[in-house]
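Counted the way this note's numbering counts, the sequence shown spans residues 153 to 591.
Glycine included, C-beta positions come from ideal geometry on N, C-alpha and C.
For clarity, every value in this text was computed on a predicted model and none was experimentally measured.
Reviewing the structure listed below.
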Amino acid sequence: MNYDESVRALLALGRELAAPQQARVQKFGLENVTTLAAALGNPHRAAPCAHIAGTNGKGSTAAMLDSILRAAGLRTGLYTSPHLERINERMRIDGRDISDEAFAAAWTRVQAAIESLLAAGQLAAHPTYFECITAMAFVAFAAPENQRVDFAVYETGLGGRLDATNIVVPEVAIITSIDFDHENFLGYSIEEIAGEKAGIIKPGSWVVSSAERPEARAVIAQRCRDLDARLVEVDTAWQIEKVQASDGCYRAVAAGPHSQKKLAVEPPLPGRFQIRNALAAATAARLLAERGFPLDDAAIERGIRSVRWPGRLERLGQRPAVYLDGTHNPSGARELLKFWEENFQGRRILLVYGAMRDKAVDEIAGLLFPHADLVLLTEPRQPRAISAPLLAEMTAHLAKHSAIVPDPAEALERAIAAASPDDAVFATGSLYLVGDLRG
Numbered sequence: 153m154n155y156d157e158s159v160r161a162l163l164a165l166g167r168e169l170a171a172p173q174q175a176r177v178q179k180f181g182l183e184n185v186t187t188l189a190a191a192l193g194n195p196h197r198a199a200p201c202a203h204i205a206g207t208n209g210k211g212s213t214a215a216m217l218d219s220i221l222r223a224a225g226l227r228t229g230l231y232t233s234p235h236l237e238r239i240n241e242r243m244r245i246d247g248r249d250i251s252d253e254a255f256a257a258a259w260t261r262v263q264a265a266i267e268s269l270l271a272a273g274q275l276a277a278h279p280t281y282f283e284c285i286t287a288m289a290f291v292a293f294a295a296p297e298n299q300r301v302d303f304a305v306y307e308t309g310l311g312g313r314l315d316a317t318n319i320v321v322p323e324v325a326i327i328t329s330i331d332f333d334h335e336n337f338l339g340y341s342i343e344e345i346a347g348e349k350a351g352i353i354k355p356g357s358w359v360v361s362s363a364e365r366p367e368a369r370a371v372i373a374q375r376c377r378d379l380d381a382r383l384v385e386v387d388t389a390w391q392i393e394k395v396q397a398s399d400g401c402y403r404a405v406a407a408g409p410h411s412q413k414k415l416a417v418e419p420p421l422p423g424r425f426q427i428r429n430a431l432a433a434a435t436a437a438r439l440l441a442e443r444g445f446p447l448d449d450a451a452i453e454r455g456i457r458s459v460r461w462p463g464r465l466e467r468l469g470q471r472p473a474v475y476l477d478g479t480h481n482p483s484g485a486r487e488l489l490k491f492w493e494e495n496f497q498g499r500r501i502l503l504v505y506g507a508m509r510d511k512a513v514d515e516i517a518g519l520l521f522p523h524a525d526l527v528l529l530t531e532p533r534q535p536r537a538i539s540a541p542l543l544a545e546m547t548a549h550l551a552k553h554s555a556i557v558p559d560p561a562e563a564l565e566r567a568i569a570a571a572s573p574d575d576a577v578f579a580t581g582s583l584y585l586v587g588d589l590r591g
């Protein structure tokens, strides 16, 4: 099967989150992916790995850890979701998207295994889109023709406990910030959501946590005690000194434990919160060094400094400043608002907003819209997107001025045209919207 055929076959499966009210027990489980991985020869066991869960920051943290590992000379596999423009972005080998040929080869192997298992009655149902993509990443990272990776970094897709990635046994697990999102799948309290994310913790494992909410930290700590896992919390492991800001990016000096030298933390990704994500990656890297991996602080600093992670406060223009950002939940909206307050005081904000229909758009709009001089309501080209007219019915009263512009590209063009050189234009609400605007 060639690349285009592979993509079409996968997209035909990709509706498992299209009905947000469907019961979570019908959506997730590890049985299918465990059976499929075994039929493929358990490729997820071929390389040591890190496993990352969390509400926000897990993608940035995964990218930074991957960059650190590559700075140390290791050949890496990085598995993240969703993609912005091309599905290949979900699987990166040594810092590059997997090739079309390698993608098609991985799907061909996975599809053949699925057909064989279904014919033998060993699968209750066809694996989901995400289960298939996850199995493909396992295969791709272990494939001799791809020069098998030295180390893999896996980001969960949703939750943790029942996420398809959760059959890996990592050298280190990382849990980033915990907040409200996907409640219909993960639960309606921080404790429930944290419990799902903490499901990636295995007996005797090493765990890094950058969760801030006390109730989430308590759940993670209890899970580690129950499983005799070693827990290192970013808040207690580091003392942050000398935070400086420059053009929306932040750098700091962090003092670690046990008289280790101070670390220069200089992520090129905008937002103060990226310091915390960088320290989560740095903590994981130091733990991996304890386990014998060839990582030192110089590699940590170089890796953080050289990371690239598009679509997260990604700056496209200068005058006016134009940013694309994947904020899609209230916690992310609060961080974006903080970014505005720290970097755009006294300047007009023009906002392009589009979202998925299963998101807390009323709460996000309540946080962001009153601070924008103009809000253009649009809709990402995705089946789960909320229509721009319906979005206007729900949120327009929260904006000073608003307009409906269903086409994302036209909405961004209109926002830029309405902006003066000193204004700032932000397009946010969904990574799918970001992907539309980058395409």
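- Listed as beta-bridge partners of residue 358 by DSSP are 382.
- Within its own chain, the residues whose Cβ lies closer than 8 Å to the Cβ of residue 583, once the five positions on either side in sequence are excluded, are 234, 236, 463, 478, 480, listed in chain order.
- For the pair residue 313 and residue 198, the CB atoms are not nearer than the 8 Å cut-off.
- Note that the C-beta distance between residue 153 and residue 256 is below 8 Å.
- Judged by beta-carbon spacing, residue 214 lies within the 8 Å limit of residue 305, meaning their Cβ atoms are closer than that value.
- Residue 278 sits in coil when the DSSP states are folded into three classes, being neither helix nor strand.
- When DSSP assignments are scanned along the region 521-590, the uninterrupted stretches of alpha helix (DSSP H) that are 4 or more residues long and fall wholly within it turn out to be 540-547, 560-570, 583-590.
- When secondary structure is reduced to three states using DSSP, residue 203 falls in the strand class.
- Collapsing the DSSP output to three states places residue 369 in a helix.
- In the structure shown, the three-state DSSP call for residue 330 is coil.
- CA-CA distance, residue 395 to residue 205, rounds to 26 Å.
- The beta carbon of residue 382 lies closer than 6 Å to those of 358 in the same chain, with the five residues before and after it left out.
- Burial check for residue 156: the Cβ neighbour count within 10 Å stays below 16, so the residue is exposed.
- Annotation: residue 467 is outside any alpha helix (DSSP H); the continuous beta strand (DSSP E) that includes it extends over 466-469.
- Here the region 320-329 lies against the region 420-438, with 3 or more beta-carbon pairs under 8 Å apart.
- For residue 576, the number of other beta carbons within 10 angstroms of its own is at least 16, and it is reported as buried.
- Shown here for residue 259: same chain residues with a beta carbon closer than 8 Å to its own, the five before and five after excluded, namely 153, 158, 161, 162, 284, 288 in chain order.
- Counting only runs that start and end inside the region 418-480, the alpha helix (DSSP H) elements of at least 4 residues fall at 425-442, 449-457.
- Within the DSSP bridge table, the entry for residue 510 names no partner.
- A buried status is given to residue 422, since no fewer than 16 other beta-carbon atoms sit within 10 Å of its beta-carbon.
- In the structure shown, residue 392 adopts extended strand secondary structure according to DSSP, grouped into three states.
- Taking 4 residues as the shortest admissible run, the region 178-238 contains the following complete alpha helix (DSSP H) segments, listed from N- to C-terminal end: 183-191, 210-223.
- Closest option to residue 366, judged by alpha-carbon separation, among 352, 346, 377: 346.
- DSSP, read as helix, strand or coil, puts residue 505 in strand.
- Taking the C-beta atoms as reference points, residue 509 is found nearer than 8 Å to residue 536.
- Nearest Cα to residue 565 within the set 342, 589, 400: 589.
- By the C-beta density criterion, residue 219 is buried, having at least 16 other C-beta atoms within 10 angstroms.
- For residue 160, the enclosing alpha helix (DSSP H) has its first and last residue at 155-163.
- In the three-state reduction of the DSSP assignment, residue 496 falls in the coil class, being assigned neither a helical nor a strand state.
- Judged by their CB atoms, residue 405 and residue 416 are nearer to each other than the 8 Å cut-off.
- In the three-state DSSP reduction, residue 307 falls in the strand class (E or B).
- The three-state secondary structure of residue 404, taken from DSSP, is strand.
- Counting the other CB atoms within 10 Å of its CB gives residue 587 a total of 16 or more, which places it among the buried residues.
- Closest in C-alpha terms to residue 471, from the list 387, 399, 231, comes 399.
- In the structure shown, residue 245 falls within a strand segment according to DSSP collapsed to helix, strand and coil.
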